[in-house]
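Before any comments, here is the structure.
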Amino acid sequence: MDDFARIKTFIKVVEAGSFSAAARNQYSVSSVARQVKSLEDELGARLLNRTTRSLALTDAGRQFYERVTAIVNDLNKAKSEVTSIHEEVKGVLRVRLRVTAGTTVVVPALPAFLARHPELELDITVNDERCDLVANNIDVAMWLGAIPDAEIVARRLSPTRRIVCAAPAYLERYGPPQTPQDLSRHKCLVFAAPSYSNQWSFTRAGQIENVEVHGNIRSDNGLVLLASAEAGVGIIIAHEWMVRGALADGRLIKLLGDYIVNPRPGDADLYAVFPSSRGLSRKIRAFVDFLVEAFSHGDEPA
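For the sequence shown, the numbering used here gives the first residue as 149, with consecutive numbering after it.
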């Protein structure tokens, strides 16, 4: 019998607590005992102290058990990872999307993704709040900000990068701002959240410019502000990914392109996350890769 088989039998004996429990439904008790004795003979060390009623690891046995258990676990993980590469992307994948990012970026790109994986079924929930992924049976989620949990695997989808834009109808009526200070005389769409204020901050050539903005719409919902901007109500500051489609088809026009919009308190990068306990299955890998592709379609439009 090969070394690996004897090692696995030894591990099973330790974890089961007896030769008879380890042998159950597979080997005879005598066969299990012979395998462990053969391993001890080869190593030249006693691994288990045996009595008629119990088994106990020796010091050498404990050290050997800890080392080989780690090796076997790594081997099983490697086999699982290789196998997952070849398994089909099919079955149900449970995903949790953020409201604005999911609506403006992910959902419009889903037809192409599902066309590539026709055997995959997506079960989608939409919520900006974080949750226990394992307890809620979520395979992949989108989170904003730092990932403090070591049991969560994260992949960044988009850095914090905002741009200023407005609809052609608004610009035709009010004209485009030439500098950040001009925004104080425009109707600006303000995001209403505890960590946000009416002050927008810009940088150009190392110089910071802050401006207090006002408008006739405030909302804590990015989709409301986006729809208002597209309707010509006012000027919006938004994540580049949020307005990419509207910029591409002319519903919105980028403004103040010579300036960088400075991050605000509460701004954070966007991540795709999944529980490490579930491993990187083929369907999880495919969906996370899809999210990365969807959010990387460029870089900021000119």
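Glycine is no exception: its CB is placed at the ideal position from the N, C-alpha and C atoms.
Note that the coordinates shown come from a computational prediction; the quantities given were computed from them, not determined experimentally.
So, with DSSP's three-state summary, where would you put residue i?
{"i": "Q355", "result": "strand"}
{"i": "I166", "result": "First, the residue type needs correcting, since residue 166 is Ser and not Ile in the sequence shown. Coil at S166, not helix or strand."}
{"i": "E269", "result": "strand"}
{"i": "Q329", "result": "helix"}
{"i": "V184", "result": "helix"}
{"i": "P423", "result": "strand"}
{"i": "D397", "result": "coil"}
{"i": "I408", "result": "strand"}
{"i": "R366", "result": "strand"}
{"i": "V247", "result": "helix"}
{"i": "I451", "result": "Because the chain spans 149 through 450 in this model, residue 451 falls outside it and cannot be assessed."}
{"i": "S429", "result": "coil"}
{"i": "A302", "result": "strand"}
{"i": "D447", "result": "The predicted position of D447 is uncertain, since its pLDDT is 45 and thus under 50; a value taken from the coordinates is nonetheless stated next. In this structure, D447 counts as coil in the three-state DSSP scheme."}
{"i": "E277", "result": "coil"}
{"i": "A204", "result": "strand"}
{"i": "L292", "result": "strand"}
{"i": "G460", "result": "In the structure as shown, the chain starts at 149 and stops at 450, and residue 460 therefore has no counterpart that could be examined."}
Going by beta-carbon coordinates alone, are residue i and residue j separated by less than 8 Å?
{"i": "R303", "j": "N275", "result": "no"}
{"i": "P195", "j": "L205", "result": "With the sequence shown as reference, residue 195 is identified as Leu, and Pro is not the correct amino acid for it. In contact: L195 and L205 (Cβ atoms closer than 8 Å)."}
{"i": "V247", "j": "D271", "result": "no"}
{"i": "V421", "j": "I300", "result": "yes"}
{"i": "V359", "j": "Q347", "result": "yes"}
{"i": "R352", "j": "Y407", "result": "yes"}
{"i": "E357", "j": "P324", "result": "no"}
{"i": "V288", "j": "F435", "result": "yes"}
{"i": "V440", "j": "L305", "result": "yes"}
{"i": "A193", "j": "A208", "result": "yes"}
{"i": "V177", "j": "V161", "result": "no"}
{"i": "V391", "j": "L403", "result": "no"}
Comparing alpha-carbon positions, which option in the options lies nearest residue i?
{"i": "A478", "options": "V162, A169 and S424", "result": "The chain is shown only over 149 to 450; residue 478 falls outside these bounds and no answer can be derived."}
{"i": "D417", "options": "A249, I365, L268 and V216", "result": "A249"}
{"i": "V237", "options": "A171, S186, R433 and Q329", "result": "R433"}
{"i": "A341", "options": "K402, L319, R412 and A394", "result": "R412"}
{"i": "V220", "options": "F158, L395, S306 and R182", "result": "F158"}
{"i": "R201", "options": "K185, A396 and F167", "result": "F167"}
{"i": "T308", "options": "L292, L319, P296 and P316", "result": "L292"}
{"i": "A317", "options": "R278, H265 and S376", "result": "S376"}
{"i": "V361", "options": "L428, D330 and V180", "result": "D330"}
{"i": "E456", "options": "E388, K156, R366 and S349", "result": "Outside the shown range of the chain, which is 149 to 450, sits residue 456, and nothing can be said about it."}
Looking at the secondary structure, which residues open and close the beta strand (DSSP E) in which residue i lies?
{"i": "V312", "result": "R310 to A314"}
{"i": "R198", "result": "L196 to R198"}
{"i": "C255", "result": "Reading off the sequence, residue 255 comes out as Val, not Cys. Taken as a continuous stretch (DSSP letters only), V255 belongs to no beta strand (DSSP E), being part of the alpha helix (DSSP H) at V255 to R264."}
Evaluate the contact criterion for the region 368 to 386 versus the region 311 to 323: three or more CB pairs, one atom per stretch, below 8 Å. yes
If contact is defined by three or more beta carbon pairs under 8 Å, each pair taking one atom from either stretch, is the region 358 to 377 in contact with the region 281 to 290? no
The region 216 to 230 touching the region 254 to 262, judged by at least three CB pairs closer than 8 Å: no
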